[in-house]
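Take a look at the structure set out below.
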Amino acid sequence: MTAAIVFEKVAWAYLAPLIALAVGALAIVSWSSFAGRARRDVGRYLLLLSAAVAAASTVFLWTDLDRYSGTRQVLGSALVVDRLFLFSAALVCASVFLCAVGAGAFLRREGVAAPEAWALLAMSGIGGVVMAGAGDLLVMFVALETLSLGAYVLAGYDRRRLASLEAGLKYFFLGAVASAFFLYGVALLYGATGTTDLTLVRASLEADPGMRSGMTVVGSVLVLIGLAFKVAAVPFHLWAPDVYRGAPTPFVGYLASGVKVAAFAATLRVFSLSLAPTDDWRAFVYALAVASLLVGSMGAVVQTDVRRVLAYSSVSHAGFMLVGVHAASQRGFEAVLVYLAAYSAMVIGAFTILSVHRSEDGVGPTLAEMKNFQRTHPALGFALMVLLFAQAGMPFTSGFVAKFSVVVAAAETEEWFLATVAMLSAVVAAYAYLRILVAMYFAHDDEAAERDGRSRSEAPSRVAKFRGVGLVAGLCAALTLFIGFAPGPVQDLAARAAQLVGPVAVNGDR
């Protein structure tokens with residue numbers, strides 16, 4: 327007698343964010359194959375539609391999860407749909423959407439507009455969404471590679487510029503090293519526990535305390551190293567300054583937001599759920615946090631290129647979020663999610679605004695080149711000022727709320743040294759942002775302004791209408807101020823998303 331094949335019932339509704347992005351990516355590729363480059367903007371509109379549908383679906387799934395105590399497994403244990411997943415997926419989809427809105431005019435101006443960029447953004451977004459909800463370490467690795475491959479190509483998308491090609495190659499080679507660390511760590515965890523399922527790994531560690539040393543510790547540290555590469559934590563940050571400077575400017579906003587959101591969501595899921603029975607990894611996170619805070623803040627101060635300033639700033643922000651991860655508490659996880667939401671708006675808005683500037687060498691701008699930015703783009707200059715104040719942690723901005731939440735989480739666990747380092751690094755990094763603002767508002771170069779105006783009038787066909795940039799800048803600045811004045815809604819959503827542990831519904835149960 328042959329055994330009957332049993333097909334597992336799949337709750338397709340809970341895969342809506344992935345399906346929307348996948349359909350969008352296929353539609354973009356199909357359209358470009360049949361229509362060629364005659365209607366290249368159609369691909370961007372398809373991406374915008376799919377990302378908007380994916381983000382909207384997370385809102386409906388958020389309320390529907392109440393029927394399953396807030397957690398549900400889909401496709402066996404491959405994907406865990408909980409509020410951490412939905413919160414992170416919404417941020418990733420929003421990053422894809424805003425990047426697509428702001429990148430259209432930039433790519434047309436640079437003469438590299440092509441539908442491949444929109445398909446790559448969609449596929450990378452799929453990897454980020456799966457990574458945020460992966461319930462198995464091997465699924466998480468596949469999602470990590472899907473996320474990363476699109477990001478590598480986007481970093482080196484402008485093949486005419488050596489800086490962009492260099493950024494893509496550096497990001498690829500160091501990313502491959504990160505993937506090797508991650509995969510080797512997964513192998514060691516499998517060797518120690520006999521499974522890659524995150525829930526079963528935790529059950530094994532709870533059942534046998536002897537597993538909490540040796541191979542398990544090394545495996546967890548290697549997994550953490552692989553994720554630390556993606557969030558640009560010291561000493562695994564060396565790719566960030568060159569990639570942020572050389573990659574096409576609007577795409578850097580996605581690399582700094584969507585990729586970071588997915589990596590931190592995976593970090594919270596692995597180390598708060600799977601490896602919760604052991605706290606050996608916390609010492610390594612402690613060292614990463616301190617090093618990232620110090621190196622990121624001091625590195626930003628000595629830079630003269632604005633994009634490199636924001637790159638080292640990203641390292642410092644990663645250190646702040648690692649402080650929340652180290653707390654390993656409800657308050658700490660909530661602070662990390664609030665920080666991710668605030669930082670995504672700040673960094674996407676900042677890099678989208680910088681895409682308006684055009685240097686002769688295709689990179690920059692430098693601090694000297696920012697002298698006339700406020701004169702030529704007053705509205706964008708004001709939005710950039712708001713976003714830089716937020717990154718500095720000024721009161722009544724989302725940056726202040728995010729940093730204060732992290733410091734409170736560290737103080738609650740009595741990590742006074744870590745909290746002190748975080749506050750001091752915020753003060754040091756504020757000087758870097760103030761240098762940009764001083765260059766914009768208080769240092770003027772009349773001759774350069776005259777040359778800039780003359781070049782614009784002589785070559786009007788090369789100057790694109792940056793309406794999408796204004797939309798993204800205004801929206802990001804508005805969100806930054808809204809969270810700063812009324813942080814309650816975001817904090818409430820983050821608090822619910824941080825409740826990671828709960829009963830799991832059986833596949834197909836309705």
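All you need for the numbering used here is the position in the sequence shown, starting with 1, plus 326.
We put the beta carbon where it would ideally sit given N, CA and C, even for glycine.
State buried or exposed for residue 486, treating a residue as buried only when at least 16 other CB atoms are found within 10 Å of its CB.
-> Mapped onto the sequence shown, residue 486 falls at position 160. By the neighbour-count rule (16 or more Cβ atoms within 10 Å), residue 486 is not buried but exposed.
Among 468, 635, 376, 584, nearest to residue 663 - alpha-carbon criterion = Indexing the sequence shown from 1 puts residue 663 at position 337. The shortest Cα separation from residue 663 among 468, 635, 376, 584 belongs to 584.
Per-residue burial, residue 642 [other beta carbons within 10 Å of its own, 16 or more giving buried] = Locating residue 642 in the sequence shown gives position 316, counting from the first residue. Flag for residue 642 reads buried.
Excluding the 5 residues preceding and the 5 following residue 723 in the sequence, name in chain order all residues of the same chain whose CB lies nearer than 6 Å to its CB.
-> For the purposes of this step, residue 723 is taken as residue 397 along the sequence shown, with counting starting at 1. Closer than 6 Å at the Cβ level, and outside the excluded window around residue 723, lie 715, 716, 806, 810.
Residues of its chain near residue 834, where Cβ-Cβ distance is below 6 Å and the 5 sequence neighbours each way are ignored = For the purposes of this step, residue 834 is taken as residue 508 along the sequence shown, with counting starting at 1. A caution first: residue 834 carries a pLDDT of 39, below 50, which makes its placement in the model unreliable, though a value can still be read off. Around residue 834: 335.
Reducing DSSP to helix, strand and coil, say where residue 630 ends up.
-> For the purposes of this step, residue 630 is taken as residue 304 along the sequence shown, with counting starting at 1. DSSP places residue 630 in coil when its eight states are reduced to three.
Along the chain, where does the beta strand (DSSP E) that runs through residue 405 open and close?
-> Position 79 of the sequence shown, counted from the first residue, corresponds to residue 405. Residues 405–408.
If you draw a straight line from the alpha carbon of residue 808 to that of residue 568, how long is it in whole angstroms?
-> Here residue 808 refers to the residue found at position 482 when the sequence shown is read from its first residue. Here residue 568 refers to the residue found at position 242 when the sequence shown is read from its first residue. Distance between the alpha carbons of residue 808 and residue 568 is about 32 Å.
For the ligand ATP, any of its heavy atoms closer than 7 Å to the Cβ of residue 355?
-> No copy of the ligand ATP occurs in the structure displayed, which carries no ligand at all.
What does DSSP give as the partner residues of residue 692 in its beta bridges?
-> Position 366 of the sequence shown holds residue 692. DSSP, once it has assigned bridges, lists 631 as partnering residue 692.
Tell me whether residue 478 is buried or exposed, calling it buried when 16 or more other Cβ atoms sit within 10 Å of its Cβ.
-> By 1-based counting over the sequence shown, the position of residue 478 is 152. Buried: at least 16 other Cβ atoms inside 10 Å.
From residue 455 to residue 343, what does the alpha carbon distance come to, in whole angstroms?
-> Counting from one through the sequence shown, the residue named residue 455 turns up at place 129. Counting from one through the sequence shown, the residue named residue 343 turns up at place 17. Each residue's Cα considered, the two are about 8 Å apart.
Classify residue 589 as buried or exposed, calling it buried when 16 or more other Cβ atoms lie within 10 Å of its own Cβ.
-> Residue numbering aside, residue 589 sits at position 263 when the sequence shown is read from its first letter. Residue 589 should be labelled buried.
Assuming residue 758 contacts residue 729 under a Cβ cut-off of 8 Å, what Cβ separation, rounded to an integer in Å, is found between them?
-> The count along the sequence shown starts at 1 and reaches residue 758 at position 432. The count along the sequence shown starts at 1 and reaches residue 729 at position 403. With 8 Å as the limit, residue 758 and residue 729 do not qualify as a contact, their Cβ atoms being about 15 Å apart.
Extent of the continuous alpha helix (DSSP H) run through residue 701 | Here the question's residue 701 lines up with position 375 in the sequence shown. Its alpha helix (DSSP H) spans residues 699–702.
Give every residue of the same chain whose Cβ lies closer than 8 Å to the Cβ of residue 374, excluding the five residues on either side of it in the sequence, and list them in chain order.
-> Start at 1 with the first residue of the sequence shown, and residue 374 comes out as number 48. So the list reads 423, 426, 427, once near-sequence residues are dropped.
Just tell me which of 636, 507, 544, 499 has its CA closest to the CA of residue 519.
-> Along the sequence shown, read from residue 1 onward, the residue named residue 519 stands at position 193. Of 636, 507, 544, 499, the residue nearest in Cα terms is 544.
Spatially closest choice to residue 720 from 755, 742, 692, by CA coordinates = By 1-based counting over the sequence shown, the position of residue 720 is 394. Checked all of 755, 742, 692; the closest Cα to residue 720 is 755.
With distances taken from CA atoms, which of 405, 475, 385 is nearest residue 465?
-> Looking up residue 465 in the sequence shown gives position 139. Residue 465 has its Cα closest to that of 405, out of 405, 475, 385.
Quick one: what's got a C-beta closer than 6 Å to residue 460's C-beta in the same chain, skipping five residues either side?
-> Working through the sequence shown from its first residue, we reach residue 460 at position 134. Same-chain partners within the cutoff: 466, 469.
Report yes or no: do three or more beta-carbon pairs, one from the stretch 588–605 and one from the stretch 619–638, lie closer than 8 Å?
-> no
Is it the case that the Cβ atoms of residue 615 and residue 563 are separated by a distance below 8 Å?
-> What you label residue 615 is simply residue 289 of the sequence shown in a count that begins at 1. What you label residue 563 is simply residue 237 of the sequence shown in a count that begins at 1. No, the pair does not count as a contact, with Cβ atoms beyond the cut-off.
What does a CB cutoff of less than 6 Å around residue 420 pick up in its chain, not counting 5 residues either side in sequence?
-> As a working mapping, residue 420 is identified with position 94 in the sequence shown. Correct list, in chain order: 381.
Thinking C-alpha only, which one of 512, 636, 553 is nearest residue 566?
-> Here residue 566 refers to the residue found at position 240 of the sequence shown. Selected option, being the one with the closest Cα: 636.
What are the complete alpha helix (DSSP H) segments, minimum 4 residues, inside the stretch 417–471?
-> 441–459
Can you list, in chain order, the residues of its chain whose CB lies under 8 Å from that of residue 793, leaving out five sequence neighbours each side?
-> Sequence index remark: in the sequence shown, residue 793 carries index 467 (1-based). 431, listed in sequence order.
According to DSSP, which residues form a beta bridge with residue 399?
-> Here residue 399 is taken as the residue at index 73 of the sequence shown, counted from 1. Looking at the DSSP assignment, residue 399 forms a beta bridge with 406.
What span of residues does the alpha helix (DSSP H) with residue 749 cover, start to end?
-> On the sequence shown, position 423 is the one that residue 749 refers to. Taken as a continuous stretch (DSSP letters only), the alpha helix (DSSP H) holding residue 749 covers 742–767.
Quick one: measure Cβ to Cβ for residue 482 and residue 495, integer angstroms, because I've assumed they're closer than 8 Å.
-> Your numbering for residue 482 matches position 156 in the sequence shown. Your numbering for residue 495 matches position 169 in the sequence shown. That pair is a contact at about 7 Å.
Whole-angstrom distance between residue 345 and residue 768, CA atom to CA atom | In the sequence shown, the residue the question calls residue 768 occupies position 442. In the sequence shown, the residue the question calls residue 345 occupies position 19. So the alpha carbons of these two residues sit roughly 49 Å apart.
Reduced DSSP secondary structure (H/G/I, E/B, other) of residue 523 | The residue labelled residue 523 in the question sits at position 197 within the sequence shown. Three-state result, residue 523: strand.
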